[in-house]
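Novice:
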Amino acid sequence: MNAQALFTAYTTIVLREIRRFTRIWPQTLLPPAVTMTLYFIIFGNLIGSRIGEMGGFDYMSFIVPGLIMMAVITNSYANVVSSFFSMKFQRSVEELLVSPVPNWVILAGYVTGGMARGLGIGVIVTLLSLAFTQLKIHSLPMVVVTVFLTSALFSVGGFINALLATKFDDVSIVPTFVLTPLTYLGGVFYSIDLLPGFWQGVSMANPILYMVNGFRFGILGVSDVNPFVSLGMILAFIAVLTYIALKLLARGKGIRH
Amino acid sequence: MTNALEIEGLTKTYGSGFEALKGIDLKVAQGDFFALLGPNGAGKSTTLGIVCSLVTKSAGKVSVFGCDIDTNLSDAKLNLGVVPQEFNFNQFEKVFDIVTIQAGYYGIPLKEAAVSAEKYLKKLGLWDKRNTPARMLSGGMKRRLMIARALVHEPKLLILDEPTAGVDIELRRSMWSFLEEMNRQGTTIILTTHYLEEAEALCRNIAIIDHGRIVRNTSKRELLQQLSLETFLLDTELALDAAPELEGFSCRLDDEGVLEVDVHKGQALNDVFIQLEQQRVKVVSMRTKANRLEELFIRMVEHSAPEGETKTEGRA
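Protein sequence lines, in the order shown, are assigned to chains A and R.
Residue 1 is where the first sequence starts when you use UniProt numbering, and the numbers rise one by one after that.
Residue 1 is where the second sequence starts when you use UniProt numbering, and the numbers rise one by one after that.
Below you can see the structure in the form of structure tokens.
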């Protein structure tokens, strides 16, 4: 396949993914908007007003970047894992496997689809947050780079989960028992300065902490970790997971007999 | 001329240790209409699955129009269209989208894909259903949708795995006509089928596979010439109480007015009629009892069963 044909194949996968999640918007776009609005109301307004400042900002301003990032992470991951596993389940993945699309284009197409949903939700949550607080961007490049890379990272993660999953339970295990705890403990709602020394050290092993803080630095200009370390960590994770995903695809793990 | 498909020493052992293919050699010429026959579990779908990259091979070589799937998989796939045995499209997508998306995977821009999709959806009688979600189609329509999808990139080799399974007779005949037309226009076609009359009606060359080995690979004509016995059903004018005695022929009463007569190769059918006339049995019509290829197939597959293993045991 020449470059133009590869691009056509890539855009076909991406547009198909975007069509899929916009067609079922009550399942994909609406729930995170509702959930995040509730977070803003309950944690930001009701409880947040009693908490006072966190990291030098009012509590609502502090949690907004974390909540946006949480929405981006969960939706990027969920889009790819559910879409690709459904294709496996319905066997429509065979449409791709019999075609000459290279594995890296398949991965790129699904990751872009996941990013489209993750970033789309990110925009929706950001717009909703404006009803509760004023967002002053400290560093737009940092915001954009962090959110794009994080979305890409969790899209690749979702893809690997979909390849390895053999039943629907396997699709929900990682988001429920890994992703959600790591996100909640990743500094979305608090600064790790509040934790005792030991738990601060433990928190530093949580990759999501770096993403949330990198993004928070982009918006507020404050972070529990060095923002460039955050970017380095995200890039390293992307490289490792992409390598694993391509290896699994080449072996036909979960998709070829 | 390069063969449309060449398979050499193909083996497949699944993770469970089951040896599905034990060294298959097969050549399908360009322009051929080829049938790959065999009982359930014989290795037909595994063979075709390897050709289509849905199954990974253990050893051996496969090339499609000279493109080796190990070294030039992309070009091999460009030459290939696949119609699987089971429905494998997104049930929630619309008919037109399913076909054009498949074209996109082959690098065909949407504008061209739309033209090709229209052509094949019209030919297969699905154009009126183009905006219908696939799940709303009947079984026959879903099969035709898979054919349209497989053809949208104009492959030179079309592989159909049980294309008419569960399709009514009228639709099956119309699908046959369509496939014959495709073959006349130059598309090489390989099909697996359980309807042996389908293979007999359509194919020029036939390979029979059993227990992971090719037990026969020849032309349909040569295969049918091996048939040493044919059974005819004769409808008699009057109902009979018992089968008449026919010298040199085995004759049974199938029904009150239907005689079943075995005629061996070299015997004259005329002798049957002469003897029946002598016994004042008037025949009003005649037909062959079973599909000829079916009889041959059963005989070959029975002979290929490993010692001490019945066909039923072999598939357990």
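Note that beta-carbon positions come from the ideal geometry of N, C-alpha and C, so glycine has one too.
It should be emphasised that the depicted structure is a prediction, and the values quoted were computed from it without experimental measurement.
What's the gap between the Cα of A250(A) and the Cα of N103(A)?
Specialist: Sequence index remark: in the first sequence, residue 250(A) carries index 250 (1-based). Sequence index remark: in the first sequence, residue 103(A) carries index 103 (1-based). Each residue's alpha carbon lies about 7 angstroms from the other.
Novice: Entirely within the stretch 141–165 of chain A and at least 3 residues each: give me those beta strand (DSSP E) ranges in chain order.
Specialist: none
Novice: CB-CB under 8 angstroms to residue 317(R), same chain, minus the five flanking residues each way: which ones, in chain order?
Specialist: Absent from the structure is residue 317(R), since the part of chain R shown begins at 1 and ends at 316.
Novice: Which stretch, first to last residue, makes up the alpha helix (DSSP H) that contains D170(A)?
Specialist: Along the first sequence, one-based indexing puts residue 170(A) at 170. First-last of the alpha helix (DSSP H) with D170(A): F168 to V174.
Novice: Judging by CA-CA distance, which residue of A71(A), F84(A) and L30(A) is the nearest neighbour of R16(A)?
Specialist: Taking the first residue of the first sequence as position 1, residue 16(A) is located at position 16. That would be F84(A), whose Cα lies nearest to the Cα of R16(A).
Novice: Determine which residues share a DSSP beta bridge with F228(A) and list them.
Specialist: Numbered from its first residue, the first sequence carries residue 228(A) at position 228. None, per the DSSP bridge assignment.
Novice: What number of angstroms, rounded off, separates the C-alpha of S174(R) from the C-alpha of N90(R)?
Specialist: For the purposes of this step, residue 174(R) is taken as residue 174 along the second sequence, with counting starting at 1. For the purposes of this step, residue 90(R) is taken as residue 90 along the second sequence, with counting starting at 1. For S174(R) and N90(R), the distance between alpha carbons rounds to 25 angstroms.
Novice: Over the uninterrupted alpha helix (DSSP H) stretch that includes T35(A), give me the two end residues.
Specialist: To locate residue 35(A), count along the first sequence from 1; it is residue 35. From DSSP, the alpha helix (DSSP H) with T35(A) extends over L30 to Y39.
Novice: Using the beta-carbon of each residue, which ones in chain R are nearer than 9 angstroms to T28(A)?
Specialist: In the first sequence, counting from the first residue as 1, residue 28(A) sits at position 28. Those within 9 angstroms of T28(A) in chain R number zero; the least Cβ separation is about 14 angstroms.
Novice: Should K111(R) be flagged as near chain A, meaning a C-beta pair shorter than 8 angstroms?
Specialist: Along the second sequence, read from residue 1 onward, the residue named residue 111(R) stands at position 111. Chain A, which has no Cβ nearer than 8 angstroms to the Cβ of K111(R), makes this no.
Novice: Going by DSSP, what residue range makes up the alpha helix (DSSP H) through I13(A)?
Specialist: Within the first sequence, the letter at position 13 stands for residue 13(A). I13(A) -> alpha helix (DSSP H) spans A3 to R23.
Novice: Where F189(A) and L124(R) are concerned, what is the direct C-alpha to C-alpha distance, given to the nearest angstrom?
Specialist: Mapped onto the first sequence, residue 189(A) falls at position 189. Mapped onto the second sequence, residue 124(R) falls at position 124. In a straight line, the C-alpha of F189(A) is about 59 angstroms away from that of L124(R).
Novice: Can you confirm whether E200(R), when its beta carbon is compared against all beta carbons of chain A, has any partner nearer than 8 angstroms?
Specialist: Counting from 1 along the second sequence, the entry for residue 200(R) is found at position 200. No, its Cβ sits nowhere closer than 8 angstroms to a Cβ of chain A.
Novice: Can you tell which of D58(A), I219(A), S76(A) and Q27(A) has its C-alpha closest to the C-alpha of T112(A)?
Specialist: For the purposes of this step, residue 112(A) is taken as residue 112 along the first sequence, with counting starting at 1. That would be S76(A), whose Cα lies nearest to the Cα of T112(A).
Novice: Kindly indicate which residue of F89(A), R91(A), T150(A) and T37(A) has the alpha-carbon position closest to the one of A116(A).
Specialist: Sequence index remark: in the first sequence, residue 116(A) carries index 116 (1-based). Per the Cα distances, T150(A).
Novice: Can you give me the C-alpha to C-alpha distance between F92(R) and G139(R), rounded to a whole angstrom?
Specialist: Position 92 of the second sequence, counted from the start, is the residue given in the question as residue 92(R). Position 139 of the second sequence, counted from the start, is the residue given in the question as residue 139(R). F92(R) and G139(R) have their C-alpha atoms some 15 angstroms from each other.
Novice: What do you reckon, are the CB atoms on S45(R) and T13(R) nearer than 8 angstroms?
Specialist: Looking up residue 45(R) in the second sequence gives position 45. Looking up residue 13(R) in the second sequence gives position 13. It is not a contact, given that the beta carbons lie outside the stated cut-off.
Novice: Could you round the C-beta distance between I159(R) and L48(R) to whole angstroms and report it? I think they count as a contact, below 8 angstroms.
Specialist: Numbered from its first residue, the second sequence carries residue 159(R) at position 159. Numbered from its first residue, the second sequence carries residue 48(R) at position 48. By a beta-carbon distance limit of 8 angstroms, I159(R) contacts L48(R). Their separation comes to about 5 angstroms.
Novice: DSSP on I108(R), reduced to helix/strand/coil?
Specialist: Locating residue 108(R) in the second sequence gives position 108, counting from the first residue. Three-state result, I108(R): coil.
Novice: With a cut-off of 8 angstroms, does the C-beta of V101(A) fall near any C-beta of chain R?
Specialist: Counted from its first residue, the first sequence places residue 101(A) at position 101. Taking Cβ atoms only, chain R reaches closer than 8 angstroms to V101(A), which makes this a yes.
Novice: Within the continuous alpha helix (DSSP H) that includes T180(A), where are the two ends?
Specialist: Mapped onto the first sequence, residue 180(A) falls at position 180. It spans T180 to Y184 - the alpha helix (DSSP H) in which T180(A) sits, taken as one unbroken run.
Novice: Taking D235(R) as the reference, which of V99(R), V283(R) and K119(R) has the closest Cα?
Specialist: As a working mapping, residue 235(R) is identified with position 235 in the second sequence. The residue with the shortest Cα to Cα distance from D235(R) is V283(R).
Novice: Three or more C-beta pairs under 8 angstroms: does that hold for the stretch 226–245 of chain A against the stretch 149–163 of chain A?
Specialist: yes
Novice: Could you tell me whether the Cβ atoms of L202(R) and E180(R) are closer together than 8 angstroms?
Specialist: Taking the first residue of the second sequence as 1, we reach residue 202(R) at position 202. Taking the first residue of the second sequence as 1, we reach residue 180(R) at position 180. Cβ atoms of L202(R) and E180(R): closer than 8 angstroms.
Novice: If you reduce the DSSP assignment to three classes, tell me which class T231(R) lands in.
Specialist: Counting from 1 along the second sequence, the entry for residue 231(R) is found at position 231. The three-state secondary structure of T231(R), taken from DSSP, is strand.
Novice: Output yes or no for whether 8 angstroms exceeds the beta carbon distance between A148(R) and H194(R).
Specialist: Mapped onto the second sequence, residue 148(R) falls at position 148. Mapped onto the second sequence, residue 194(R) falls at position 194. No, Cβ-Cβ distance for A148(R) and H194(R) is not below 8 angstroms.
Novice: Where does M1(R) sit, in a helix, a strand or coil, going by DSSP?
Specialist: The residue you call residue 1(R) lines up with position 1 of the second sequence. Coil.
Novice: How would you write the range of the alpha helix (DSSP H) that A201(R) sits in, first residue to last?
Specialist: Here residue 201(R) refers to the residue found at position 201 when the second sequence is read from its first residue. Bounds of the alpha helix (DSSP H) holding A201(R) are L196 to L202.
Novice: At 8 angstroms on the CB atoms, spell out the chain A contacts of F89(R), in chain order.
Specialist: Counting from one through the second sequence, the residue named residue 89(R) turns up at place 89. Within 8 angstroms Cβ-Cβ: Q90, S92 and E95.
Novice: Using DSSP with H/G/I as helix, E/B as strand and the rest coil, what is E247(R)?
Specialist: Position 247 of the second sequence, counted from the start, is the residue given in the question as residue 247(R). Secondary structure at E247(R): coil, using DSSP grouped into helix, strand and coil.
Novice: Counting only Cβ-Cβ distances shorter than 8 angstroms, please list the residues of the stretch 142–164 of chain R near chain A, keeping chain order.
Specialist: Correct list: R149.
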